[in-house]
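S.K.: Using our numbering, read the sequence shown as starting at 191 and increasing by one per residue.
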Amino acid sequence: MALLVLKFGGTSVADVDRIRNAASHVKREVDAGHACAVVVSAMAGHTNQLVALVEQAWGFKERRKQNGAEVSAQYDGSEYDAVVSSGEQVTSGLLALVLQSLGMRARSWQGWQIPLKTDSAHRAARITGVAVDELKARMLEGEVAVVAGFQGIAPGNRISTLGRGGSDTSAVALAAALSADRCDIYTDVDGVYTTDPRVVPKAHRLDKISYEEMLEMASQGAKVLQTRSVELAMQKGVRVLVRSSFEPADLGGKGTDAAEGLGTLVCHEDEIVEQNVVSGIAYARDEAKVTLLKIADKPGVAAQVFCPLAEANINVDMIVQNVSDDGRHTDLTFTVQSADLDRALEVLRKAKESIGYLDLRGSTDIAKVSAIGVGMRSHAGVAAQMFSALAEKGINIEAISTSEIKISVLIDAAYAELAVRTLHSLFGLDSR
Ligand code: ADP
Ligand code: ASP
Ligand code: MG
Numbered sequence: 191m192a193l194l195v196l197k198f199g200g201t202s203v204a205d206v207d208r209i210r211n212a213a214s215h216v217k218r219e220v221d222a223g224h225a226c227a228v229v230v231s232a233m234a235g236h237t238n239q240l241v242a243l244v245e246q247a248w249g250f251k252e253r254r255k256q257n258g259a260e261v262s263a264q265y266d267g268s269e270y271d272a273v274v275s276s277g278e279q280v281t282s283g284l285l286a287l288v289l290q291s292l293g294m295r296a297r298s299w300q301g302w303q304i305p306l307k308t309d310s311a312h313r314a315a316r317i318t319g320v321a322v323d324e325l326k327a328r329m330l331e332g333e334v335a336v337v338a339g340f341q342g343i344a345p346g347n348r349i350s351t352l353g354r355g356g357s358d359t360s361a362v363a364l365a366a367a368l369s370a371d372r373c374d375i376y377t378d379v380d381g382v383y384t385t386d387p388r389v390v391p392k393a394h395r396l397d398k399i400s401y402e403e404m405l406e407m408a409s410q411g412a413k414v415l416q417t418r419s420v421e422l423a424m425q426k427g428v429r430v431l432v433r434s435s436f437e438p439a440d441l442g443g444k445g446t447d448a449a450e451g452l453g454t455l456v457c458h459e460d461e462i463v464e465q466n467v468v469s470g471i472a473y474a475r476d477e478a479k480v481t482l483l484k485i486a487d488k489p490g491v492a493a494q495v496f497c498p499l500a501e502a503n504i505n506v507d508m509i510v511q512n513v514s515d516d517g518r519h520t521d522l523t524f525t526v527q528s529a530d531l532d533r534a535l536e537v538l539r540k541a542k543e544s545i546g547y548l549d550l551r552g553s554t555d556i557a558k559v560s561a562i563g564v565g566m567r568s569h570a571g572v573a574a575q576m577f578s579a580l581a582e583k584g585i586n587i588e589a590i591s592t593s594e595i596k597i598s599v600l601i602d603a604a605y606a607e608l609a610v611r612t613l614h615s616l617f618g619l620d621s622r
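So this is what it looks like as structure tokens:
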């Protein structure tokens with residue numbers, strides 16, 4: 191018997207028929223003798239609807255028009271969480287009912303009932319602990335635990351949520367707390383691809399990907415797994431298998447562990463035999479560019495720009511500072527999440543006097559494209575190859591950032607897909 195966590199994303203529980211389909215995957219594992227916890231997302235689109243209701247209730251658009259950006263996201267995060275967490279409550283109850291109707295013992299668990307504890311950073315809370323004693327005891331007696339993903343309980347007894355896509359993190363955290371043998375992430379693609387298969391039809395599925403590469407892929411925009419879930423899986427050594435809920439549930443009377451060639455295993459690098467220099471290409475369109483023109487070129491200016499942003503909890507990603515022409519002034523460009531752009535501009539406008547700049551500009555017409563691969567550690571010249579290929583297509587690079595296993599470039603959003611396809615071919619990833 192193995193202890194398994196199965197997670198079903200929004201499209202896999204989009205309606206009651208899909209929930210029945212998810213249940214047949216659960217039944218297969220239960221019949222194979224495994225103890226199962228199942229984590230569910232809200233029905234596809236439901237969380238977006240709930241977010242829209244929150245914004246409507248807060249008068250988001252009207253306030254923006256009246257007051258500029260200042261109030262843009264200032265609504266009470268704990269009430270946002272109370273509303274948007276409800277989608278998962280629905281699907282957890284429905285799946286428990288379907289499992290019961292198929293003759294299995296099952297019950298639903300909300301975050302607060304487990305409890306899955308988080309900090310109080312509402313809307314993007316971090317998990318601080320998962321108490322699984324009762325849940326595990328019941329699982330071992332044959333009851334399927336159906337857990338509402340995405341939600342937890344914050345100090346002060348308030349419902350919290352883990353950021354968009356957070357059910358992946360619920361599943362991995364639960365798997366870690368249960369010391370589960372595996373965490374199976376069921377989604378609408380049959381694994382992790384060399385790039386988003388919706389953008390590049392020639393992308394191919396990877397049998398295995400290392401935690402580190404998956405972490406870079408996720409954080410650079412591949413939304414197949416939430417970044418935090420990969421971080422946690424890497425830290426706790428949770429084996430994560432990404433696979434499709436739309437493949438036949440029947441595996442000839444056996445569980446997933448007995449089947450070969452299913453999905454993508456996210457695992458330690460040393461389990462992977464064959465390795466390309468570049469394993470995948472990721473892209474993100476949700477960043478925005480901020481440029482400060484003519485700031486003083488002297489010590490302390492960067493701190494004056496970035497400290498107030500940090501205080502406002504705004505994360506900065508890429509940063510470029512131009513070489514000064516006259517030795518006195520320079521331009522500074524950096525990126526933030528698009529959702530934070532209005533707030534970032536506001537913070538910088540308020541700090542105009544202390545920073546001292548001529549003009550401030552913000553734009554969302556940008557995309558970040560990244561090549562990722564652990565092979566870069568031992569191969570020189572990847573960046574040069576990448577820049578030449580983009581230049582040949584006439585794609586201008588506005589900023590660059592690198593890590594040991596990643597190179598990212600910031601480009602005009604209009605060229606995002608071309609850049610992804612170009613790099614996918616360049617690094618030999620197109621399926622043959
Ligand atoms: P779920 O609702 O199951 O959590 P998501 O929509 O969050 O599913 O994630 C799955 C989607 O991630 C796929 O439909 C695919 O378009 C996208 N995706 C982006 N990059 C990749 C990649 N490298 N491999 C697989 N899927 C990817
Ligand atoms: N339902 C939440 C969302 O749409 C969490 C998830 O699907 O993982 O972001
Ligand atoms: Mg997801």
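Virtual Cβ for every residue (Gly too), placed ideally from N, Cα, C.
Is S528 helix, strand or coil by DSSP?
M.R.: helix
S.K.: When you compare the segment 395-408 with the segment 214-230, are there three or more beta-carbon pairs, one atom per stretch, that lie closer than 8 Å?
M.R.: The count of Cβ pairs closer than 8 Å, one atom from the segment 395-408 and one from the segment 214-230, stays below three, leaving the stretches out of contact.
S.K.: Assuming contact is defined by CB atoms lying nearer than 8 Å, are A286 and V320 in contact in what I supplied?
M.R.: no
S.K.: Tell me K479's beta-bridge partners as DSSP assigns them.
M.R.: T525, S553
S.K.: Comparing C-alpha positions only, which one of A344, V334, A338 sits nearest to T318?
M.R.: A344
S.K.: At the level of alpha carbons, what is the spacing between T351 and S593?
M.R.: 30 Å
S.K.: Output the boundary residues of the alpha helix (DSSP H) element that contains S409.
M.R.: Run containing S409: 401-409, per the alpha helix (DSSP H) assignment.
S.K.: In three-state terms, what does DSSP make of L306?
M.R.: strand
S.K.: Rounded to a whole number of angstroms, what is the C-alpha to C-alpha distance between D555 and T523?
M.R.: 14 Å
S.K.: By alpha-carbon positions, which one of I471, V495, A449, A609 ends up nearest to R539?
M.R.: The residue with the shortest Cα to Cα distance from R539 is V495.
S.K.: DSSP has V559 in a bridge; who is on the other side?
M.R.: Y473, V599
S.K.: Helix, strand or coil for Q416? Go by DSSP, reduced to three states.
M.R.: coil
S.K.: Kindly examine the ligand MG and report whether one of its heavy atoms sits closer than 7 Å to the Cβ of K413.
M.R.: yes
S.K.: If you run the structure through DSSP and keep just helix, strand and coil, what is D507?
M.R.: strand
S.K.: Look at the alpha carbon of A204 and the alpha carbon of Q416, and state the distance between them as a whole number of angstroms.
M.R.: 19 Å
S.K.: Let's test the definition: count the other Cβ atoms within 10 Å of the Cβ of D266 and tell me whether it reaches 16, buried, or not, exposed.
M.R.: exposed
S.K.: Can you grab the Cα-Cα spacing for the pair V559 / Q410, in whole Å?
M.R.: 8 Å
S.K.: Assign K479 to one of two classes, buried (16 or more other C-beta atoms within 10 Å of its C-beta) or exposed (fewer than that).
M.R.: buried
S.K.: Compute the Euclidean distance between the alpha carbons of K488 and R518, then round it to the nearest angstrom.
M.R.: 7 Å
S.K.: With a threshold of 16 other CB atoms inside 10 Å of the CB of D358, please say whether the residue is buried or exposed.
M.R.: buried
S.K.: Which value, in whole angstroms, describes the spacing of the CA atoms of V468 and I562?
M.R.: 5 Å
S.K.: Are the beta-carbon atoms belonging to V337 and S369 less than 8 Å from one another?
M.R.: No, they are not a contact pair.
S.K.: Could you tell me if Q300 is buried or exposed, where buried requires 16 or more neighbouring beta carbons within 10 angstroms of its beta carbon?
M.R.: buried
S.K.: With hydrogens ignored, establish whether the beta-carbon of G199 is closer than 7 Å to any heavy atom of the ligand MG.
M.R.: yes
S.K.: Less than 8 Å separating the beta-carbons of G381 and L405?
M.R.: no
S.K.: Starting from W299, follow its DSSP beta bridges and name the residues at the other end.
M.R.: V337
S.K.: Among A212, F250, A227, which one has its Cα closest to the Cα of M233?
M.R.: A212
S.K.: Once DSSP output is grouped into helix, strand and coil, what is the label at V430?
M.R.: When DSSP states are grouped into helix, strand and coil, V430 belongs to the strand group.
S.K.: Using only the alpha-carbon positions, how far apart do L600 and S291 sit?
M.R.: 52 Å
S.K.: Verify the contact flag: D440, CB atom, against every heavy atom of the ligand SAH, threshold strictly below 7 Å.
M.R.: Of the ligands this structure carries, namely the ligand ADP, the ligand ASP and the ligand MG, none is the ligand SAH.
S.K.: In three-state terms, what does DSSP make of I462?
M.R.: coil
S.K.: By Cβ distance, which residues of its chain are closer than 6 Å to A486, with the 5 residues on each side in sequence left out?
M.R.: Result list for A486: G546, in chain order.
S.K.: How would you write the range of the beta strand (DSSP E) that G319 sits in, first residue to last?
M.R.: Residues 317-320.
S.K.: Does the distance from the C-beta atom of L499 to that of D371 stay below 8 Å?
M.R.: no
S.K.: Considering only the beta carbon of each residue, do D507 and T525 sit closer than 8 Å?
M.R.: yes
S.K.: Report all residues from its chain with a CB closer than 6 Å to the CB of S510; omit the five preceding and five following residues, and keep chain order.
M.R.: The amino acid at residue 510 is misidentified as Ser; the sequence shows Val. Excluding sequence neighbours, V510 sits near T523, A589.
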